[in-house]
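A.B. asks: Handing you a structure now.
There are 2 protein chains.
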Amino acid sequence: MSLPYAILSILVSAPSSGYDLAKRFNSSVEGSVGFFWSASFQQIYRELNRLEAKAWLQAEAVQQENRPDKRIYAVTALGKQQLCQWIAEVEEMASIKDELLVKLYAGHLVSRQTIVTKLEVHRQQHQQRLAIYQEIKSLYFKNPQALSKTHQFQYMTLLRGIHYETGWLAWFDEIMPLLQVTHPDSADLFGRSQN
Amino acid sequence: MSLPYAILSILVSAPSSGYDLAKRFNSSVEGSVGFFWSASFQQIYRELNRLEAKAWLQAEAVQQENRPDKRIYAVTALGKQQLCQWIAEVEEMASIKDELLVKLYAGHLVSRQTIVTKLEVHRQQHQQRLAIYQEIKSLYFKNPQALSKTHQFQYMTLLRGIHYETGWLAWFDEIMPLLQVTHPDSADLFGRSQN
DNA sequence: AAAGATTATTCAATAAATTGAGTATAAGAT
DNA sequence: ATCTTATACTCAATTTATTGAATAATCTTT
Chain X
1177 MSLPYAILSI LVSAPSSGYD LAKRFNSSVE GSVGFFWSAS FQQIYRELNR LEAKAWLQAE
1237 AVQQENRPDK RIYAVTALGK QQLCQWIAEV EEMASIKDEL LVKLYAGHLV SRQTIVTKLE
1297 VHRQQHQQRL AIYQEIKSLY FKNPQALSKT HQFQYMTLLR GIHYETGWLA WFDEIMPLLQ
1357 VTHPDSADLF GRSQN
Chain E
1177 MSLPYAILSI LVSAPSSGYD LAKRFNSSVE GSVGFFWSAS FQQIYRELNR LEAKAWLQAE
1237 AVQQENRPDK RIYAVTALGK QQLCQWIAEV EEMASIKDEL LVKLYAGHLV SRQTIVTKLE
1297 VHRQQHQQRL AIYQEIKSLY FKNPQALSKT HQFQYMTLLR GIHYETGWLA WFDEIMPLLQ
1357 VTHPDSADLF GRSQN
């Protein structure tokens, strides 16, 4: 389980409240951290408490005037040491769990239109994500040579996001034509939903 | 949770034992289903029992002479109907949980070599996966136009795997040079591990 | 003949993730 | 003045996933 380490990885360069962290883990706009790790706000708050109890994090209460007060978490020396140790460990390739592909695999059970519509929706979502990532790139990473070490690594994860979304789009463009054509030998000239 | 549906999706075109299913969900060689959904054998056996209890699956005991007996599961009419219903539902984009990218994000905390070595290992793993997928493509999907509907959809998921791995390789090739160069303004000429 | 690998499956403890409700402050909109 | 939205966080029930141990038959290797 890497959620605690994912939290540490962010906090180590940007101390934040649970609320801010949750946004970075869930929104594709803010921080783009959600691209490589996602977690619900309940998960994050629970984990922050655990990490504080283990003294890997320390919290500072911040009074605010225009909003509710909050607690800003920062990584302790111990936390940083634990994070470094974890980074050095060997990790497995990330496993994928993709509902769309499961559905596509069994796509022969439903109408072509059902699948095509789904693919069109997802294509647009990936397109939008890509646009966001490219926006971030052009705004904050205009000159990659001049980045600090910290930002250099963040830039690399952003590039991964861009390649990921580009890969999706290329795939959509390759398979869409396969779906729209009805082949003469397919014995399926009337749009029936069965094989 | 889509594990029950992922199981149904496979069984609907290929009735199998739990053991065979588990292999398809875990190995990148056998069936390539593990590319888009992964599950442990314990998870699969538990789910098979649940699905049988709900009558979405029916099992047939098969006596074998050269191996232990087994139970072959097949999807019932009810199971097929439930699967179709689920496919028609709207699904979210798959969320990603990638340890490597978390570690890369915090890569500034460790030595460059630590990161470079990791990336080289992963690059090779993705290269190998791609080779497997391309092997499957050239063996079983030589002539995409002539595929049955069922195989056409399996082919599309295979293509997704190929695009995915290709995207990883392109990314590795883009970022590796960024890591190996020490910039004159980086104030880090001696390979120290800190920022 | 014994040891290890492969096939085939079950059980149980623990950890983690999901879902849903709930609390509270304050800003802005209708 | 009330409704909605945003900020900020907590608790608890349920479901899922992970981890580890077992059982048992057969085949292969030493």
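Chains as they are written, first to last, in our numbering: chain X, 1177 to 1371; chain E, 1177 to 1371. Ideal placement from N, C-alpha and C gives every residue a C-beta, glycine not left out.
(1) How would you label residue 1245 of chain X, buried or exposed, when you count the other beta carbons within 10 angstroms and need 16 or more for buried?
(2) Check the Cβ of residue 1252 of chain X against every Cβ in chain E and list those closer than 8 Å, keeping chain order.
(3) What separation, rounded to the nearest whole angstrom, lies between the Cα atoms of residue 1276 of chain X and residue 1299 of chain E?
(4) Closer than 8 Å between beta carbons: that is the criterion. Which residues of the stretch 1306-1326 of chain X meet it against chain E?
(5) Tell me, please, whether the CB atom of residue 1221 of chain X is closer than 9 Å to any CB atom in chain E?
(6) Return yes when the Cβ of residue 1232 of chain E is within less than 9 Å of the Cβ of residue 1255 of chain E, no when it is not.
(7) Comparing alpha-carbon positions, which option in X/1266, X/1183, X/1348, X/1322 lies nearest residue 1303 of chain X?
(8) Run the CB neighbour count on residue 1328 of chain E, radius 10 Å, all protein chains shown included, and call it buried at 16 or more, exposed below.
(9) Helix, strand or coil, according to DSSP, for residue 1370 of chain X in the structure here?
(10) Starting from residue 1188 of chain X, find everything on chain E with Cβ-Cβ shorter than 8 Å and list it in chain order.
(11) With contact counted as at least three CB pairs below 8 Å, one residue from each stretch, are the stretch 1180-1192 of chain E and the stretch 1331-1347 of chain X in contact?
(12) Taking residue 1193 of chain X and residue 1226 of chain X to be in contact with their CB atoms under 8 Å, please state how far apart those CB atoms are, rounded to whole angstroms.
(13) Residue 1292 of chain X touches chain E at which residues, Cβ-Cβ below 7 Å?
(14) Identify, in the order they occur along the chain, each residue of the same chain with its Cβ nearer than 6 Å to the Cβ of residue 1217 of chain E, setting aside the five sequence neighbours on each side.
(15) Buried or exposed: residue 1356 of chain E, going by 16 or more other Cβ atoms within 10 Å of its Cβ?
(16) On a Cα-Cα basis, can you pick out the residue from X/1323, X/1288, X/1215 that is closest to residue 1284 of chain E?
(17) Could you spell out where the beta strand (DSSP E) holding residue 1251 of chain E opens and where it closes?
(18) Compute the Euclidean distance between the alpha carbons of residue 1229 of chain X and residue 1351 of chain E, then round it to the nearest angstrom.
(19) Cα-Cα, which of X/1318, X/1314, X/1271 is closest to residue 1177 of chain X?
(20) So residue 1187 of chain X is in the alpha helix (DSSP H); what residue range does that whole segment cover?
(21) From residue 1213 of chain X to residue 1190 of chain X, what distance separates their C-alpha atoms?
(22) Check the Cβ of residue 1299 of chain X against every Cβ in chain E and list those closer than 9 Å, keeping chain order.
(23) Could you give the residue range of the beta strand (DSSP E) that holds residue 1236 of chain X?
(24) Quick one: is residue 1274 of chain E near chain X, going by C-beta distance under 9 Å?
(25) When DSSP labels each residue in this structure, what does residue 1214 of chain E get in the three-state scheme?
(26) Closest Cβ-Cβ distance between residue 1371 of chain X and chain E: below 9 Å?
(27) What separation, rounded to the nearest whole angstrom, lies between the Cα atoms of residue 1335 of chain E and residue 1301 of chain X?
(28) Run down chain E in chain order and give the residues with a C-beta less than 9 Å from the C-beta of residue 1351 of chain X.
(29) I need the straight-line Cα distance from residue 1319 of chain E to residue 1286 of chain X, nearest angstrom please.
(30) At least one CB of chain X closer than 9 Å to the CB of residue 1195 of chain E: is that the case?
(31) With a threshold of 9 Å between beta carbons, is residue 1217 of chain E in contact with chain X?
C.D. replies: Straight from the coordinates:
(1) Counting from 1 along the first sequence, the entry for residue 1245 of chain X is found at position 69. Classification for residue 1245 of chain X: exposed.
(2) Position 76 of the first sequence, counted from the start, is the residue given in the question as residue 1252 of chain X. Those do not exist, as residue 1252 of chain X stays about 14 Å from chain E at its closest Cβ, beyond 8 Å.
(3) Position 100 of the first sequence, counting from 1, holds the residue named residue 1276 of chain X. Position 123 of the second sequence, counting from 1, holds the residue named residue 1299 of chain E. The straight-line gap from Cα to Cα measures roughly 26 Å.
(4) When CB distances to chain E are screened at a threshold of 8 Å, the residues of the stretch 1306-1326 of chain X falling below it are 1320, 1321, 1322, 1324, 1325, 1326, in chain order.
(5) Taking the first sequence and counting its residues from 1, one reaches residue 1221 of chain X at position 45. So no, residue 1221 of chain X is outside the interface.
(6) For the purposes of this step, residue 1255 of chain E is taken as residue 79 along the second sequence, with counting starting at 1. For the purposes of this step, residue 1232 of chain E is taken as residue 56 along the second sequence, with counting starting at 1. In this structure, residue 1232 of chain E lies closer than 9 Å to residue 1255 of chain E by Cβ.
(7) For the purposes of this step, residue 1303 of chain X is taken as residue 127 along the first sequence, with counting starting at 1. Cα-wise, what sits closest to residue 1303 of chain X is X/1348.
(8) Walking along the second sequence from the start, residue 1328 of chain E turns up at place 152. Under this definition residue 1328 of chain E is a buried residue.
(9) Residue 1370 of chain X sits at position 194 when you count from the first residue of the first sequence. Confidence is the limiting factor: at residue 1370 of chain X the pLDDT is only 45, short of 50, which leaves the residue's position unreliable, though a coordinate-based value still follows. DSSP places residue 1370 of chain X in coil when its eight states are reduced to three.
(10) By one-based count along the first sequence, residue 1188 of chain X stands at place 12. Those within 8 Å of residue 1188 of chain X in chain E are 1282, 1285.
(11) Result no; under three Cβ-Cβ pairs closer than 8 Å.
(12) As a position in the first sequence, residue 1193 of chain X is number 17, starting the count at 1. As a position in the first sequence, residue 1226 of chain X is number 50, starting the count at 1. By a beta-carbon distance limit of 8 Å, residue 1193 of chain X does not contact residue 1226 of chain X. Their separation comes to about 16 Å.
(13) Working through the first sequence from its first residue, we reach residue 1292 of chain X at position 116. Chain E residues near residue 1292 of chain X: none, gap ~12 Å exceeds 7 Å.
(14) Locating residue 1217 of chain E in the second sequence gives position 41, counting from the first residue. Sequence-distant Cβ neighbours of residue 1217 of chain E in its own chain, meaning closer than 6 Å and more than five residues away, are 1198.
(15) Position 180 of the second sequence holds residue 1356 of chain E. Within a 10 Å sphere around the beta-carbon of residue 1356 of chain E sit fewer than 16 other beta-carbons, which makes this residue exposed.
(16) The residue given as residue 1284 of chain E occupies position 108 in the second sequence. Checked all of X/1323, X/1288, X/1215; the closest Cα to residue 1284 of chain E is X/1323.
(17) For this step, residue 1251 of chain E is matched to residue 75 along the second sequence. In the DSSP assignment, residue 1251 of chain E falls within the beta strand (DSSP E) that extends over 1246-1251.
(18) To locate residue 1229 of chain X, count along the first sequence from 1; it is residue 53. To locate residue 1351 of chain E, count along the second sequence from 1; it is residue 175. Taking C-alpha positions only, residue 1229 of chain X is separated from residue 1351 of chain E by approximately 37 Å.
(19) Residue mapping note: residue 1177 of chain X aligns to position 1 of the first sequence, counting from 1. Per the Cα distances, X/1271.
(20) Within the first sequence, numbered from 1, the residue matching residue 1187 of chain X stands at position 11. Bounds of the alpha helix (DSSP H) holding residue 1187 of chain X are 1179-1187.
(21) Within the first sequence, the letter at position 37 stands for residue 1213 of chain X. Within the first sequence, the letter at position 14 stands for residue 1190 of chain X. Looking at the two C-alpha atoms, the distance is approximately 16 Å.
(22) Along the first sequence, one-based indexing puts residue 1299 of chain X at 123. None at all; the shortest Cβ gap to chain E is about 11 Å.
(23) In the first sequence, residue 1236 of chain X corresponds to position 60, counting from 1. For residue 1236 of chain X, the uninterrupted beta strand (DSSP E) run begins and ends at 1233-1238, by DSSP.
(24) By one-based count along the second sequence, residue 1274 of chain E stands at place 98. So, interface residue.
(25) Counting from one through the second sequence, the residue named residue 1214 of chain E turns up at place 38. If DSSP states are grouped into helix, strand and coil, residue 1214 of chain E belongs with coil.
(26) What you label residue 1371 of chain X is simply residue 195 of the first sequence in a count that begins at 1. Here the model assigns residue 1371 of chain X a pLDDT of 41, short of 50, so the residue's position is not dependable, and the following value carries that caveat. Yes, because at least one Cβ of chain E sits closer than 9 Å to the Cβ of residue 1371 of chain X.
(27) Start at 1 with the first residue of the second sequence, and residue 1335 of chain E comes out as number 159. Start at 1 with the first residue of the first sequence, and residue 1301 of chain X comes out as number 125. In a straight line, the C-alpha of residue 1335 of chain E is about 19 Å away from that of residue 1301 of chain X.
(28) Here residue 1351 of chain X is taken as the residue at index 175 of the first sequence, counted from 1. In chain order: 1331, 1332, 1335, 1336.
(29) Position 143 of the second sequence, counting from 1, holds the residue named residue 1319 of chain E. Position 110 of the first sequence, counting from 1, holds the residue named residue 1286 of chain X. Rounded to the nearest angstrom, the gap between the Cα atoms of residue 1319 of chain E and residue 1286 of chain X is 23 Å.
(30) The residue labelled residue 1195 of chain E in the question sits at position 19 within the second sequence. Not closer than 9 Å to any Cβ of chain X, the Cβ of residue 1195 of chain E fails to qualify, so no.
(31) Numbered from its first residue, the second sequence carries residue 1217 of chain E at position 41. Taking Cβ atoms only, chain X never reaches closer than 9 Å to residue 1217 of chain E, which makes this a no.
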